[in-house]
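Engineer: From first to last, the protein sequence lines stand for chains A and B.
Taking our numbering as reference, the numbering of the first sequence is continuous, increasing by one, and the terminal residue is 147.
Taking our numbering as reference, the numbering of the second sequence is continuous, increasing by one, and the terminal residue is 302.
Cβ atoms here follow ideal geometry from the backbone N, Cα and C, with glycine treated the same way.
Please see the structure below; I have some questions.
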Amino acid sequence: MRGEPLTRRIFLAGSWSWLRWAAGILLLYPLFRFLGYRAPKQPRIVKVGKIVPVGGFALEHDFILFVGQGGPWAVSRKCTHLGCRLNYQEKEGVLLCPCHQSRFSREGVRLSGPARKNLPRFQVVTVREAKDGKGYLVSL
Amino acid sequence: MSVSKAMNIRALIIETKWGGLSLVSLYLSVLSGMVVALQYDPSTPYFSASSLDLLTPFGQFFRACHFYSSQLFFLFSLGHLAAVILAKAEQQLRFGKWLLLLGSVPAALLLLFTGYVLRADATGEAAGVIAENILLSIPWLGEPLNSLLFTIEAEGMKRVYANHLLGLGLVWGLCCWEHLRRYRVGFAQHRLLLFATVGISLCLAAPMEPSRLGLFHIQGPWFMLGLQELLRYLQPFWAGVIFPLAVVVALVWVGKENPLRRRALLFVASWLVVYFCLSVLAVLTC
Numbered sequence: 008m009r010g011e012p013l014t015r016r017i018f019l020a021g022s023w024s025w026l027r028w029a030a031g032i033l034l035l036y037p038l039f040r041f042l043g044y045r046a047p048k049q050p051r052i053v054k055v056g057k058i059v060p061v062g063g064f065a066l067e068h069d070f071i072l073f074v075g076q077g078g079p080w081a082v083s084r085k086c087t088h089l090g091c092r093l094n095y096q097e098k099e100g101v102l103l104c105p106c107h108q109s110r111f112s113r114e115g116v117r118l119s120g121p122a123r124k125n126l127p128r129f130q131v132v133t134v135r136e137a138k139d140g141k142g143y144l145v146s147l
Numbered sequence: 017m018s019v020s021k022a023m024n025i026r027a028l029i030i031e032t033k034w035g036g037l038s039l040v041s042l043y044l045s046v047l048s049g050m051v052v053a054l055q056y057d058p059s060t061p062y063f064s065a066s067s068l069d070l071l072t073p074f075g076q077f078f079r080a081c082h083f084y085s086s087q088l089f090f091l092f093s094l095g096h097l098a099a100v101i102l103a104k105a106e107q108q109l110r111f112g113k114w115l116l117l118l119g120s121v122p123a124a125l126l127l128l129f130t131g132y133v134l135r136a137d138a139t140g141e142a143a144g145v146i147a148e149n150i151l152l153s154i155p156w157l158g159e160p161l162n163s164l165l166f167t168i169e170a171e172g173m174k175r176v177y178a179n180h181l182l183g184l185g186l187v188w189g190l191c192c193w194e195h196l197r198r199y200r201v202g203f204a205q206h207r208l209l210l211f212a213t214v215g216i217s218l219c220l221a222a223p224m225e226p227s228r229l230g231l232f233h234i235q236g237p238w239f240m241l242g243l244q245e246l247l248r249y250l251q252p253f254w255a256g257v258i259f260p261l262a263v264v265v266a267l268v269w270v271g272k273e274n275p276l277r278r279r280a281l282l283f284v285a286s287w288l289v290v291y292f293c294l295s296v297l298a299v300l301t302c
């Protein structure tokens, strides 16, 4: 209380109160460490089960696969601005973000909009002879 | 507008029973939400939400009822806040209590927002990842906050669902507990609102936008349109954190005495005008 002299009792009571607050805050540390832990995920291999003609593309959930003269390549469909799923505007040959209109080339290079980074590219292996058919294996 | 007309509008806002309307809408939202939750599966969110509309008997009605009552709950809560400020009723509260009650506004907004995310259609999916990335743009606090609220990228809808169902409701309840203990509102006092909400839910399905090839523009939830537009011009931290936080801080200062209160109100009003203009721009540029 204001004006009251600081006695040992008041000091101890005050310290006990601060100690409880500190203990409460300290308990948040294990909570956030627990919540923040991410179990490592296995690399995912996705199969595109068809042969795409040169100049064509295949739109998958997480990536878009293009096939050019030099072979196939895949770019992520996750916008590097805020993570929205990109769609391919075939007429203009660009990947467009539906949320904030960032634009990327087929190669994943940023062209315009609020995104600042290029799109990640994924490794693609062409499967020509396999039991479960031809296609492409994309490592995400 | 003449002075008497403005006074009439002011009186109408103050006299409307916003709190009661909001609470009854919340009752309906919780009840319909409990029904919807019995069929909803967060591991397959879009399939689950669209199945409710397409396959489950009366699923479309219950989802619509949950959607519209939740929207009304939020709108009436804002009306209640406006009426309180117009009547200067917050001046009768202790500052700490005003702070606690204000905490219920972001909690209610997040409840509404997580509802959008959980349906996991094109809008919900985009809203979820945007929110996650905005949180991650906060230095130091971003990661733990995201772990607590969203973590959609790593965990799917698990944490969003837990927060929508329990966590955020609990926060809202804690913020309003003292306030609500003093007021009792029954369904019978707001029959018209109940009939109107149920009637609308029977006729109009809740929105659902499937993700499809050639979807080149997604419009966020109505209360996020201004933010969506701002994110096109500013960095996520400024547009998504500092800008919304500014109005919350200003609302906190409304609880102080003049001249602080007057300045804070002026800021809130200007903020609302800017946000409204950004929302209109977002609609026009789609």
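Looking at the strands, I want to know which residues DSSP matches up with A:Gln130.
Structural biologist: Start at 1 with the first residue of the first sequence, and residue 130 of chain A comes out as number 123. Beta-bridge pairing links A:Gln130 to A:Ser146.
Engineer: Buried or exposed: B:Thr301, going by 16 or more other Cβ atoms within 10 Å of its Cβ?
Structural biologist: Residue 301 of chain B sits at position 285 when you count from the first residue of the second sequence. Flag for B:Thr301 reads exposed.
Engineer: Reducing DSSP to helix, strand and coil, say where A:Arg84 ends up.
Structural biologist: To locate residue 84 of chain A, count along the first sequence from 1; it is residue 77. Coil.
Engineer: Can you tell which of B:Tyr84, B:Gly271 and B:Pro122 has its C-alpha closest to the C-alpha of B:Gly215?
Structural biologist: Numbered from its first residue, the second sequence carries residue 215 of chain B at position 199. Distance from the Cα of B:Gly215 is smallest, within the candidate group B:Tyr84, B:Gly271 and B:Pro122, for B:Tyr84.
Engineer: Is the segment 289-296 of chain B touching the segment 229-245 of chain B, taking contact as three or more C-beta pairs under 8 Å?
Structural biologist: yes
Engineer: Could you check where the alpha helix (DSSP H) with B:Leu243 kicks off and where it finishes?
Structural biologist: The sequence position of residue 243 of chain B within the second sequence is 227, counting from 1. First-last of the alpha helix (DSSP H) with B:Leu243: Leu241 to Leu246.
Engineer: How is B:Gly236 classed by DSSP in three states: helix, strand or coil?
Structural biologist: Stepping through the second sequence from its first residue, residue 236 of chain B is reached at position 220. B:Gly236: coil per DSSP, three-state reduction.
Engineer: My assumption, with CB atoms under 8 Å, is that B:Glu225 sits in contact with B:Ala138. Please give the rounded CB distance.
Structural biologist: On the second sequence, position 209 is the one that residue 225 of chain B refers to. On the second sequence, position 122 is the one that residue 138 of chain B refers to. Contact flag correct, Cβ pair sits at about 5 Å.
Engineer: Who pairs with A:Phe111 in a beta bridge, going by DSSP?
Structural biologist: Position 104 of the first sequence, counting from 1, holds the residue named residue 111 of chain A. Paired residues: A:Leu102 and A:Arg117.
Engineer: For A:Cys104, which residues in the same chain have their Cβ closer than 6 Å to its Cβ, ignoring the five residues on either side in sequence?
Structural biologist: In the first sequence, the residue the question calls residue 104 of chain A occupies position 97. Within the same chain, A:Cys104 has close Cβ partners Cys86, Cys91 and Leu93.
Engineer: Anyone know if the C-beta pair for B:Leu218 and B:Ala80 falls short of 9 Å?
Structural biologist: Within the second sequence, the letter at position 202 stands for residue 218 of chain B. Within the second sequence, the letter at position 64 stands for residue 80 of chain B. Their beta carbons are under 9 Å apart, which means B:Leu218 touches B:Ala80 by this criterion.
Engineer: Mapping DSSP to helix, strand and coil, what is B:Gln107?
Structural biologist: Here residue 107 of chain B refers to the residue found at position 91 of the second sequence. Here B:Gln107 sits in helix by DSSP.
Engineer: With a 10 Å radius around its C-beta and 16 neighbouring C-beta atoms as the bar for buried, classify A:Thr14 as buried or exposed.
Structural biologist: The sequence position of residue 14 of chain A within the first sequence is 7, counting from 1. Answer is exposed; the Cβ neighbour count stays below 16.
Engineer: Figure out for me which residue from B:Glu194, B:Arg279 and B:Leu116 has the closest Cα to the Cα of B:Trp269.
Structural biologist: Taking the second sequence and counting its residues from 1, the one referred to as residue 269 of chain B is at position 253. Comparing alpha-carbon positions, the option among B:Glu194, B:Arg279 and B:Leu116 lying closest to B:Trp269 turns out to be B:Arg279.
Engineer: So, with DSSP's three-state summary, where would you put B:Leu250?
Structural biologist: Numbered from 1 along the second sequence, position 234 holds the residue referred to as residue 250 of chain B. B:Leu250 falls in the coil class under three-state DSSP.
Engineer: If the criterion is Cβ atoms closer than 9 Å, does the pair A:His107 and A:Leu89 meet it?
Structural biologist: By one-based count along the first sequence, residue 107 of chain A stands at place 100. By one-based count along the first sequence, residue 89 of chain A stands at place 82. A:His107 is a Cβ neighbour of A:Leu89, given a cutoff of 9 Å.
Engineer: Can you have a look at B:Ser45 and say buried or exposed, based on whether 16 or more other CB atoms are within 10 angstroms of its CB?
Structural biologist: Position 29 of the second sequence, counted from the start, is the residue given in the question as residue 45 of chain B. Burial of B:Ser45 is indicated by the presence of at least 16 other C-beta atoms within 10 angstroms of its C-beta.
Engineer: Could you tell me which of B:Phe92, B:Gln87, B:Leu70 and B:Val121 sits nearest to B:Gly189, measuring between CA atoms?
Structural biologist: Translated into the one-based positions of the second sequence, residue 189 of chain B becomes position 173. Ranked by Cα distance from B:Gly189, the first of B:Phe92, B:Gln87, B:Leu70 and B:Val121 is B:Val121.
Engineer: Does any CB atom of chain A fall closer than 9 Å to the CB of B:Phe232?
Structural biologist: Looking up residue 232 of chain B in the second sequence gives position 216. So, interface residue.
Engineer: Anything in chain A within Cβ reach of B:Asn149, meaning under 7 Å, just list it in chain order.
Structural biologist: Taking the second sequence and counting its residues from 1, the one referred to as residue 149 of chain B is at position 133. Per Cβ cutoff of 7 Å: Leu89 and Gly90.
Engineer: Please classify A:Arg92: does DSSP put it in a helix, a strand, or coil?
Structural biologist: The residue given as residue 92 of chain A occupies position 85 in the first sequence. It is a strand residue.
Engineer: Which of helix, strand or coil does DSSP assign to A:Leu72?
Structural biologist: The residue you call residue 72 of chain A lines up with position 65 of the first sequence. Three-state result, A:Leu72: strand.
Engineer: So if I threshold CB-CB distances at 7 Å, which residues from the segment 35-62 of chain A count as touching chain B?
Structural biologist: Phe39, Leu42, Gly43 and Arg45
Engineer: Our contact map puts B:Pro252 next to B:Ser153 with C-beta atoms below 8 Å; I'd like the distance itself, whole angstroms only.
Structural biologist: In the second sequence, residue 252 of chain B corresponds to position 236, counting from 1. In the second sequence, residue 153 of chain B corresponds to position 137, counting from 1. Sure, about 4 Å apart at Cβ, within 8 Å.
Engineer: Are any of the Cβ atoms in chain A nearer than 9 Å to that of B:Gln244?
Structural biologist: For this step, residue 244 of chain B is matched to residue 228 along the second sequence. Yes, its Cβ sits closer than 9 Å to a Cβ of chain A.
Engineer: Is it right to say B:Leu234 is buried, meaning 16 or more other beta carbons lie within 10 angstroms of its own, or is it exposed?
Structural biologist: The sequence position of residue 234 of chain B within the second sequence is 218, counting from 1. The identity of residue 234 of chain B in the sequence shown is Ile, whereas the question assumes Leu. Classification for B:Ile234: buried.
Engineer: Just to check my reading of the structure: B:Val133 and B:Val187 have Cβ atoms closer than 8 Å, yes? What is that Cβ distance to the nearest angstrom?
Structural biologist: On the second sequence, position 117 is the one that residue 133 of chain B refers to. On the second sequence, position 171 is the one that residue 187 of chain B refers to. Incorrect: roughly 17 Å between the Cβ atoms, too far for contact.
Engineer: Would you identify the three-state DSSP class for A:Gly140, choosing helix, strand or coil?
Structural biologist: Mapped onto the first sequence, residue 140 of chain A falls at position 133. Of the three classes helix, strand and coil, the one that applies to A:Gly140 here is coil, per DSSP.
Engineer: Any beta carbon from chain B within less than 9 Å of A:Lys85's own beta carbon?
Structural biologist: As a working note, residue 85 of chain A is residue 78 in the first sequence. Judged by the 9 Å Cβ criterion, A:Lys85 is in contact with chain B.
Engineer: Using beta carbons (cut-off 9 Å, strictly below), is A:Asn125 in contact with chain B?
Structural biologist: Start at 1 with the first residue of the first sequence, and residue 125 of chain A comes out as number 118. Interface criterion not met: the Cβ of A:Asn125 is under 9 Å from no Cβ in chain B.
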